[in-house]
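A.B. asks:
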Amino acid sequence: MDLRAIGMGLAFALMWSSAFTSTHIIVAEAPPLAALALRFALSGGIGIALAPAFGQSWRLSRAQWRATIIFGICQNALYLGFNWVAMTTVEASVAAIIASTMPLIVGALGWIVFRDRIPPLGIAGLVAGFAGVGIIMGARLQGGIDPFGLGLCVAGALALAVATLTVRGASGGGGGVLMIVGLQMLVGAVSLAVVSAFTEHLSVEVTPTLAFAFTYTVIVPGLMATWVWFRLVGRIGAVRAATFHFLTPVFGVAIAWAVLGEHVDWHDALGVLVIAGGILAVQISKQEARR
Numbered sequence: 001m002d003l004r005a006i007g008m009g010l011a012f013a014l015m016w017s018s019a020f021t022s023t024h025i026i027v028a029e030a031p032p033l034a035a036l037a038l039r040f041a042l043s044g045g046i047g048i049a050l051a052p053a054f055g056q057s058w059r060l061s062r063a064q065w066r067a068t069i070i071f072g073i074c075q076n077a078l079y080l081g082f083n084w085v086a087m088t089t090v091e092a093s094v095a096a097i098i099a100s101t102m103p104l105i106v107g108a109l110g111w112i113v114f115r116d117r118i119p120p121l122g123i124a125g126l127v128a129g130f131a132g133v134g135i136i137m138g139a140r141l142q143g144g145i146d147p148f149g150l151g152l153c154v155a156g157a158l159a160l161a162v163a164t165l166t167v168r169g170a171s172g173g174g175g176g177v178l179m180i181v182g183l184q185m186l187v188g189a190v191s192l193a194v195v196s197a198f199t200e201h202l203s204v205e206v207t208p209t210l211a212f213a214f215t216y217t218v219i220v221p222g223l224m225a226t227w228v229w230f231r232l233v234g235r236i237g238a239v240r241a242a243t244f245h246f247l248t249p250v251f252g253v254a255i256a257w258a259v260l261g262e263h264v265d266w267h268d269a270l271g272v273l274v275i276a277g278g279i280l281a282v283q284i285s286k287q288e289a290r291r
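Take a look at the structure:
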C-alpha cells in the first residue's frame with residue numbers, strides 16, 4: 001500500500017466519520033427523515049446526471065438492479081434513516097460507535113449463517129470489537145442514554161449488515177459505480193419521503209448553521225467521500241480498502257468531541273481503541289484468508 005493510498009484512506013475515514021457530527025447538527029433543527037430524503041435526492045440526482053459523462057448507463061444486470069433496490073432501502077432508508085432519527089436523542093459519538101460495528105456484524109453473521117471461514121485472528125477481532133462496544137455502552141447506559149435511540153442505531157447497523165450479505169457477489173454487470181450509487185440514493189429518497197410525509201411535521205426555519213451543515217453533508221460525506229472510496233477500491237482493492245473502517249470510531253468520537261463538545265471519558269477512549277483494534281484484526285484476517 002503506497003503513500004497515496006494511505007492518504008486517500010485517511011481522507012475517506014475522516015470525511016465519512018464527520019457525517020455523524022454534521023447530521024447531529026441538522027436533526028437538531030430539521031425533521032430527520034425529510035432532511036435525509038432531500039439529501040439523497042440532491043446527491044443521487046447529481047450522481048445520475050454526471051454518470052453519462054463517465055460512460056455509465058442505466059443498463060444494469062438483474063443482480064445489480066436487485067442490489068441497487070436492496071441497498072437503497074437497507075442502507076439509505078433503514079440504516080441512515082434509523083441513525084438520523086436516533087441522533088435526535090443520542091449523541092453523535094454513540095451513533096458513530098454503533099455504526100462502526102457493521103464490519104464486525106457482517107463477519108459474525110457470515111461466520112454463523114453462511115459458515116464463512118474466519119482465521120483465529122478474525123475471531124479474536126470479533127470478540128474484541130464487541131467487547132469494546134460493551135465497555136462503552138455499559139457506561140453510557142448507566143449515564144442515562146436513551147434506549148430507544150440506541151436501539152435504532154443497532155437496528156440500522158443490522159439492516160446494513162444483512163443487506164451487505166444478501167447482495168454479495170452481485171457487483172458484476174453493466175452500468176457503473178456512479179450511476180448505481182445515484183440510483184440507490186434515489187431509492188432511499190423516495191422511501192424516506194413517503195415515511196416522512198406521514199410521520200413528520202415539515203416546518204423548518206433555515207438558519208446559517210443548518211444550511212452549512214446540510215450543504216457539508218451533501219457534498220463532503222455524500223459525494224466526495226463516496227468518490228474517494230471508489231478511487232481507493234480501484235487502487236488497492238475492496239478488502240484492503242475496508243481496513244480503513246477501523247478509524248471510523250476513533251475519528252467519529254474525536255470530531256463529535258471537538259465540534260459538539262460531547263463528553264468523552266476513559267470508558268469511551270478504551271472502548272474505541274478496542275473496537276478499532278477488533279475491526280482492524282477482522283479486516284487483516286480477510287486479507288490473509290484470500291492469499
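Just so you know, we're using the working numbering here: the sequence shown kicks off at 1 and counts up by one. Here a beta-carbon is modelled for each residue, glycine too, at the ideal position from N, C-alpha and C. All values reported here derive from a predicted model rather than from experimental measurement.
#1: Looking only at its own chain, which residues have a Cβ that is under 8 Å from the Cβ of M87, when we skip the five neighbours before and after it?
#2: Using only CA atoms, which one of G45, G188, A157 and L158 lies nearest to G72?
#3: Cβ atoms of G44 and G182: under 8 Å apart, would you say?
#4: By the three-class DSSP mapping on this structure, what secondary structure does D116 have?
#5: Measure the alpha-carbon distance for L14 versus L223 and round it to whole angstroms.
#6: Closest to A269 by CA distance: which of S17, A193, A139 and V195 is it?
#7: If you follow the alpha helix (DSSP H) that T88 is part of, which residue opens it and which one closes it?
#8: Which stretch, first to last residue, makes up the alpha helix (DSSP H) that contains M185?
#9: From the DSSP output, in three-state form, read off G122 for me.
#10: Pair every Cβ in the region 148-163 with every Cβ in the region 63-83, then say whether three or more of these pairs are closer than 8 Å.
#11: Count Cβ pairs between the region 44-54 and the region 112-125 that sit closer than 8 Å; are there 3 or more?
#12: Along the chain, where does the alpha helix (DSSP H) that runs through M224 open and close?
#13: Comparing alpha-carbon positions, which option in P249, A63, R240 and H263 lies nearest V272?
#14: Indicate whether the contact test is met: 3 or more Cβ pairs, each with one atom in the region 34-43 and one in the region 192-206, closer than 8 Å.
#15: What is the DSSP secondary structure of G277, counted as helix, strand or coil?
#16: Could you tell me which of R231, R235, T101 and L210 sits nearest to A155, measuring between CA atoms?
#17: Closest by CA to V253, which one among G7, P119 and D265?
#18: Reducing DSSP to helix, strand and coil, say where H24 ends up.
#19: My output table needs one value for L3: the three-state DSSP class, helix, strand or coil.
#20: Could you check how far apart the C-beta atoms of M185 and F40 are, in whole angstroms? I think they sit under 8 Å.
#21: In this structure, how does DSSP classify Q283 when only helix, strand and coil are distinguished?
C.D. replies: The short version:
#1: Hits under 8 Å: F20, T23, H24, V27, P32, A95 and G149.
#2: Just measuring C-alpha positions, the residue of G45, G188, A157 and L158 sitting nearest G72 is G188.
#3: Taking 8 Å as the cut-off, the Cβ atoms of G182 and G44 count as close.
#4: In the structure shown, D116 sits in coil (DSSP, three-state: anything other than H, G, I, E or B).
#5: Each residue's alpha carbon lies about 14 Å from the other.
#6: If you compare the alpha carbons of S17, A193, A139 and V195 with that of A269, the shortest gap goes to A139.
#7: Premise fails: T88 is in no alpha helix (DSSP H) and is neither H nor E.
#8: Following the DSSP letters along the chain, one finds M185 inside the alpha helix (DSSP H) bounded by residues V177 to T199.
#9: It is helical.
#10: Segments in contact, yes.
#11: Contact between the region 44-54 and the region 112-125 is absent, with fewer than three C-beta pairs closer than 8 Å.
#12: Going by DSSP, M224 is part of no alpha helix (DSSP H) at all; its letter is neither H nor E.
#13: Residue P249 is the option with its Cα nearest to V272.
#14: Contact between the region 34-43 and the region 192-206 is present, because at least three Cβ pairs lie under 8 Å.
#15: In this structure, DSSP gives G277 a helical state, which the three-state scheme calls helix.
#16: It is T101.
#17: Looking at the Cα atoms, D265 is the closest of the given residues.
#18: H24: helix per DSSP, three-state reduction.
#19: In this structure, L3 counts as helix in the three-state DSSP scheme.
#20: For a cut-off of 8 Å, the C-beta gap from M185 to F40 is around 4 Å, short enough to register as a contact.
#21: DSSP, read as helix, strand or coil, puts Q283 in helix.
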